[in-house]
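In the numbering used here, the protein residues as written are 7 to 235.
Some notes on the structure that comes next.
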Amino acid sequence: MSIRTYFLAIFLPFWGISQNQTWLGAEINLKPVKKTKLTFSAQHRMNGFSEWNRTFLEGKFSAKVVQGVHVFAGQRFGISPNRHSSIDLKATTYLYRTAIGIELNPVDWFLDKSRFHLGITEQMQWAQRKFQRSNTVLRSKVSAKYDIKDFPMTPFIQWEHFYDFQRDITYTGAEVLIDGGTAAFRAFGGCIIELSKTQELQVSVGRRKNFLRENPQWILSLKYSVNLK
7 MSIRTYFLAI
17 FLPFWGISQN
27 QTWLGAEINL
37 KPVKKTKLTF
47 SAQHRMNGFS
57 EWNRTFLEGK
67 FSAKVVQGVH
77 VFAGQRFGIS
87 PNRHSSIDLK
97 ATTYLYRTAI
107 GIELNPVDWF
117 LDKSRFHLGI
127 TEQMQWAQRK
137 FQRSNTVLRS
147 KVSAKYDIKD
157 FPMTPFIQWE
167 HFYDFQRDIT
177 YTGAEVLIDG
187 GTAAFRAFGG
197 CIIELSKTQE
207 LQVSVGRRKN
217 FLRENPQWIL
227 SLKYSVNLK
């Protein structure tokens with residue numbers, strides 16, 4: 007048995023279990039005016055390799071304020087299987103998310119054109135789901151990537167922390183107590199493969215640890231991008 011066959015024999019059954027996920031996505035990036043970017047994206051998430059988890063459509067606008075500082079805003083619409091179908095007799099349910107944030111790249115403050123990118127992002131997001139309480143989340147992300155000269159692959163890593171301001175809700179006889187706390191940690195590592203001057207494929211593996219969830223969740227992510235000027 008070859009090493010590749012042995013690896014697939016071990017890897018595929020492991021990834022096929024429902025606690026792990028596969029994400030497939032595509033996006034198009036436009037620059038309507040100088041120092042701005044408009045992104046339209048879609049993503050399909052599955053438990054294992056085939057069980058539908060949810061599907062997203064998202065729009066995002068970002069603008070450069072000064073060197074190394076960008077602000078952005080976005081809206082996401084999604085559908086997912088309805089866990090409460092016995093209540094409203096519908097197989098799917100909807101979810102909405104609005105987000106605003108800021109991204110810093112300190113490297114740009116000292117080097118005009120560097121192959122190394124260090125991103126520090128703070129994002130506030132508000133989500134609404136049917137039959138679930140609305141929540142407000144502060145999402146903090148640190149990412150790094152390096153564009154290797156004359157090489158079609160750009161390695162990257164990123165780490166995220168999710169803080170839910172309504173994570174814990176306690177009902178007492180006199181009042182409702184709401185406390186915030188960490189909802190999840192998530193990390194990804196992978197590479198961006200340059201297919202052409204305007205197309206690229208991002209391949210990564212991630213690990214997510216949710217609050218009160220004993221076992222972490224592994225994520226295989228593939229994203230195809232088209233970058234237009």
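We treat Cβ as the ideally placed atom computed from N, Cα and C, and that holds for glycine.
All values derive from a computational prediction rather than experimental measurement.
- Taking a C-beta distance under 8 angstroms as the contact criterion, F62 and G84 qualify as a contact pair.
- Shown here, V72 sits in a strand according to DSSP, grouped into three states.
- Within the region 19–71, not a single complete alpha helix (DSSP H) segment reaches 4 residues in length.
- The beta carbon of D185 is closer than 6 angstroms to those of D174 in its chain, skipping five residues each way along the sequence.
- A Cβ-Cβ contact shorter than 8 angstroms links A48 with G31.
- CA-CA distance, D114 to L124, rounds to 9 angstroms.
- Rounded to the nearest angstrom, the gap between the Cα atoms of T160 and T45 is 21 angstroms.
- For D156, no beta strand (DSSP E) run applies, since DSSP gives it neither H nor E.
- DSSP places F162 within a strand segment (E or B) once states are collapsed to three.
- For the pair S140 and Q134, the CB atoms are nearer than the 8 angstroms cut-off.
- Boundaries of the alpha helix (DSSP H) around D114: 113–116.
- Residues R82, Q131, A133 of the same chain have their beta carbon placed closer than 6 angstroms to that of R103, with the five preceding and five following residues left out of the count.
- The C-beta separation of S231 from E57 comes to about 26 angstroms, leaving the pair out of contact by the 8 angstroms criterion.
- In this structure, H167 sits away from F194, with a CB-CB distance that is not shorter than 8 angstroms.
- A Cβ-Cβ contact shorter than 8 angstroms links I199 with V209.
- Assignment of R214 by DSSP, reduced to helix, strand and coil, places it in the strand class.
- Secondary structure at K119: coil, using DSSP grouped into helix, strand and coil.
- Note that the C-beta distance between D170 and V148 is not below 8 angstroms.
- Taking a C-beta distance under 8 angstroms as the contact criterion, F55 and F67 do not qualify as a contact pair.
- Here T28 is buried: its Cβ has 16 or more other Cβ atoms, across all protein chains shown, within 10 Å.
- Here K235 carries a coil assignment [DSSP, helix/strand/coil].
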